[in-house]
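Residue numbers (UniProt numbering): 1 to 283. Report on the structure given below.
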């Protein structure tokens with residue numbers, strides 16, 4: 001039987017603001033969370049329509065800050081198909097205690113949000129020593145850490161990969177490389193420089209599938225280069241639904257078309273097996 005398609009980057013938003021009150025990180029709520037709120041029930045229906053079997057659902061920091069209640073409660077309801085990836089303020093002294101509490105409620109991974117839709121990237125907290133106890137606990141518990149940053153943060157990602165080799169680091173949106181110069185993608189060299197660190201994984205989302213259609217870039221020249229550098233076993237697809245507009249079915253179709261240049265074995269890793277290595281509960 002073929003492995004299920006696994007999505008490692010959808011988001012969900014509750015329609016019950018009394019039970020799950022918004023309290024966005026940095027004080028500004030993301031536009032998409034207001035314009036395209038998607039409950040867990042809507043996500044499951046969208047997954048069914050698209051043929052997506054399982055998902056690692058990423059907590060919306062720009063809606064709920066560090067309160068992971070909705071994502072953990074929702075994933076617990078669909079434990080056969082979903083796991084929760086949440087956020088904790090790793091700069092606080094009680095971060096390890098908070099992580100243990102959330103893991104007790106079902107959290108399967110963590111995410112550091114250093115900027116994005118509501119704020120410029122600030123990677124300074126990534127390798128701040130105050131965050132290291134949280135990273136040490138991730139190593140102990142086997143928790144992957146997703147990092148949302150751009151090229152400005154890749155030196156810190158490199159330092160963390162060296163310091164915490166036992167922690168799988170999943171780079172959201174591939175770290176947003178500049179691919180517009182086309183092959184051999186000299187402007188994205190900082191991304192390829194991460195390849196020797198075997199605990200760094202790449203999340204392929206709609207952003208990169210859009211970028212490879214612009215200027216001198218192409219899917220046929222970019223994705224094989226990334227596979228050659230990192231290996232498909234360190235790459236995984238994430239929909240970014242509903243942050244990225246469009247139906248989940250359409251987002252998946254775009255990704256499948258973009259990766260049609262790869263062989264079937266590599267696609268099987270990117271669309272499922274890598275995710276199951278990172279989040280064994282999705283196996």
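Just so it is clear, CB atoms sit at the ideal spot from N, CA and C, and this is done for glycine as well. All figures in this text were calculated on a predicted structure; none of them were measured in a lab.
query = Closest by CA to residue 79, which one among 195, 246, 106, 59?
reply = Of 195, 246, 106, 59, the residue nearest in Cα terms is 106.
query = Taking DSSP as the reference, what is the three-state secondary structure of residue 100?
reply = In the displayed model, residue 100 falls within a helix according to three-state DSSP.
inquiry  = Check for me: the beta strand (DSSP E) holding residue 201 runs from which residue to which?
reply    = In this chain, the beta strand (DSSP E) harbouring residue 201 covers 200-204.
request  = Mind checking who residue 113 pairs with in its DSSP beta bridge?
outcome  = DSSP links residue 113 through a beta bridge to 148.
message = Helix, strand or coil, according to DSSP, for residue 169 in the structure here?
response = Under the three-state reduction of DSSP, residue 169 is assigned to strand.
ask   = Going along the chain, which unbroken runs of the alpha helix (DSSP H) with 4 or more residues stay wholly within the segment 208-254?
value = List check, alpha helix (DSSP H) in window: 219-230.
query = Is it right to say residue 23 is buried, meaning 16 or more other beta carbons lie within 10 angstroms of its own, or is it exposed?
reply = With fewer than 16 other Cβ atoms within 10 Å, it is exposed.
ask   = Under 7 Å between the Cβ atoms of residue 54 and residue 103?
value = The answer is no: Cβ separation not under 7 Å.
query = Taking C-beta to C-beta, are residue 126 and residue 156 nearer than 7 Å?
reply = Against a cut-off of 7 Å, the Cβ pair of residue 156 and residue 126 comes out as a contact.
query = Which residue comes first and which comes last in the alpha helix (DSSP H) that contains residue 191?
reply = Start and end: 189-192.
ask   = For residue 128, which residues of its own chain have a beta-carbon under 7 Å away from its beta-carbon, when the five flanking residues on both sides are left out?
value = Hits under 7 Å: 91.
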